[in-house]
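In this note's numbering, the protein residues as written are 1214 to 1740. Worksheet: one structure, shown below.
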Amino acid sequence: MAMLLELPVHDLAAGSKQLLQAADNKSGLSADSSSHLKKVLRLRDQGRHLLLGRNGCGKTTLLKAIASGELPGWPRYLSSHLVDQELSMDAALSPLELVCRADLRMHTLHQEVRRLEAECAGMSEDTSSSARLGELYSELSDTGAETEGEWRHRAEGLLRGLGFEEFRTTEPLAQLSGGWRMRVAIAAALFVRPRLLMLDEPTNHLDLGAIDWLQRHLVDEYKGTVLCVSHDRDFINEVCTDIIIFADQSLTYFHGTLDLFEEAAQEKARHLEKEASALERKREVIHQTIQHKEREVAKAEKNKSKNKAKSKYAILQGATEGKSMSSLVAAQQQKLERLGMERTEDGKKFKASEHGNRAGSIAENEGGWVDGKMTAAPLLHGRDPALRFGFTAGDGLRIAEGTPLLQLRNVSYTYPGSSDPSLVDVDLSISVGSHLALQGQNGAGKSTLVKLICGDAEPTDGEVWRHQSLKVSVLRQHDTDSLANRTSSAIEYMGECYPKMKDLELRKQLGAFGVDLHGAPAAAGTR
């Protein structure tokens, strides 16, 4: 498969946090002389790429830099479109209007054609309007563009494929749930037919039917290149052909599914474990040789000071001069420092002129200075600790498990200004110790039900009963969007939410969820 793009990434940062280092090939036999090879964004033409990395490593920042044209060197001829979680669309427009307007150039052309056709309808003579209309007809014909009817038909087909019934395509976006809005954004992106389609967590707000349709469309219908961020394992394995690993401010590549990548990673870890053990054994042998040579040097120096006359003829009798012995020790020390992996990550034999120092060598000093000496970085890195969520029981209730905490009794709800109820005659009981999953299609009323439970909305009919000591916490679909433009740090934001909590308690809570608080404070929206 041909390459769509090979672009050195010179700089990528979020605020003061450097996400990708400069892709400069520095001189000298150091790791930097080859590190530029891991700062290049490579995309295979018609490949479907997963951008894989820890939260906060820069995946979304990279997608936004591409979409906004802010990534230095991005070719202007390469069209791209990003569908992300922070949806910003005109809520007054209908899904069909939004999809059609996504292709701005074609939308503008068709608008002008309609205006000129109306102007020319009652004219018998040629005018500048009719001349311009002729030019537009020729342009549309020469470029093989769709007629307005074909254009709208394709937009309707995409919306229908994503589950829209005909009446929903003409409703204002403001009346649609988050899941349906995400479908509109996906339909708009597919309608534009960009060379590069970027998807940031596309399945987060989709139900199973919509996810299945999107998988099949990307694999069977879409002819461009895909670059996506997702935590949906099934979606990844169904869609993605390539993995781009974003870690340690570098990009590395794997051709294959996520399952195959993990198998290869496990095999690589087993191989590295053997290599690391063998390397340590070699280091120990050289270290013992150095110690032996150092003892010989010390002994020679001692003998030299005791018997200068004897040592004068020692070199003629086959002894080793102390200075020569010291140079042997230095040579062994240099050998110890250079010792590392015999081959590169891709299996090639190491060449100092091409690859710099060997991976795992002390000369890299990637382990930092320890007791005044350079050290090697470990070849094997420990796995990231699993994030464990702990929800402690609230204080003061002191009621038995199974006792109701909240009940919806024959509840109905209709949004203001609407004649169609979102919920009708709902009964629900939530008890102490309950763990419930709320499942349903987009637009079925799940978010509305959550609003009623939290007290953000009151029922049109029926009753919501809550235990007098009950406290409800909620994380909504778009709550994280409000953090995007904040300039306060994570610890400052937590302090605003919980003004009575001590700084140490706030740090402990953030640390429990993997938020790194070391170094300069970072804005909450950049984490």
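Quick reminder that beta carbons are idealized off the backbone N, C-alpha and C, glycines included. All values reported here derive from a predicted model rather than from experimental measurement.
Q) A1315: buried (16+ other C-beta within 10 angstroms of its C-beta) or exposed? A) Answer is buried; the Cβ neighbour count reaches 16.
Below 8 Å on the Cβ atoms is my contact criterion, and I expect S1390 with S1631 to pass it. Report the Cβ-Cβ distance as a whole number of Å. So it is not a contact: roughly 13 Å between Cβ atoms.
For the alpha helix (DSSP H) containing W1393, name the first residue and the last one. 1391-1405
Practice item. Could you pull the start and end residues of the beta strand (DSSP E) that I1456 belongs to? Key: 1455-1460
Using only alpha-carbon positions, find the residue among E1509, A1725, A1513 that is nearest to R1601. If we check each option's Cα against that of R1601, A1725 comes out closest.
Within the same chain, show all residues whose beta-carbon is closer than 6 Å to that of L1220, passing over the 5 residues directly before and after it, in chain order. L1254, G1286
Run the proximity test for I1503: is its beta-carbon closer than 7 Å to any non-hydrogen atom belonging to the ligand FMN? Questions concerning the ligand FMN fall outside what the structure shown contains, since it holds no ligand whatsoever.
message = Could you give the first and the last residue of the continuous beta strand (DSSP E) run that contains E1676?
response = First-last of the beta strand (DSSP E) with E1676: 1674-1679.
Check your understanding: Using CA coordinates, which residue listed in M1707, K1684, K1664 is at the minimum distance from Q1690?
Key -> K1664
| For L1464, which residues does DSSP report across the bridge? | F1459
Notebook entry, point to check: For Y1706, which of helix, strand or coil comes out of DSSP?
Noted result: helix
So is G1615 buried or exposed if we call it buried at 16+ other beta carbons inside 10 Å? Note on G1615: under 16 other CB atoms within 10 angstroms of its CB, so exposed under the neighbour-count rule.
key: DSSP state of T1693 mapped onto helix, strand, coil   = helix
Helix, strand or coil, according to DSSP, for I1612 in the structure here?
Residue state, collapsed to three classes: coil.
Below 8 Å, can you find three or more Cβ-Cβ pairs linking the segment 1414-1429 to the segment 1646-1660? yes
Checklist line | Distance CB(L1431)-CB(R1679) smaller than 8 Å | finding: In this structure, R1679 does not lie closer than 8 Å to L1431 by Cβ.
Any idea if Y1626 is buried or exposed, counting beta-carbon neighbours within 10 angstroms, 16 or more meaning buried? buried
Please report the residue range of the beta strand (DSSP E) in which D1640 lies.
-> 1636-1644
Three-state secondary structure (DSSP) at T1383? helix
Quiz item: Of the residues F1404, R1429, I1399, P1407, which one's Cα is nearest the Cα of P1415?
Solution: I1399
Query raised in the report: Within this structure, are the beta carbons of A1401 and A1304 separated by less than 8 Å?
Result: No, the pair does not count as a contact, with Cβ atoms beyond the cut-off.
| How is the beta strand (DSSP E) around H1223 delimited, first residue to last? | That residue, H1223, is in no beta strand (DSSP E); it is neither H nor E in DSSP.
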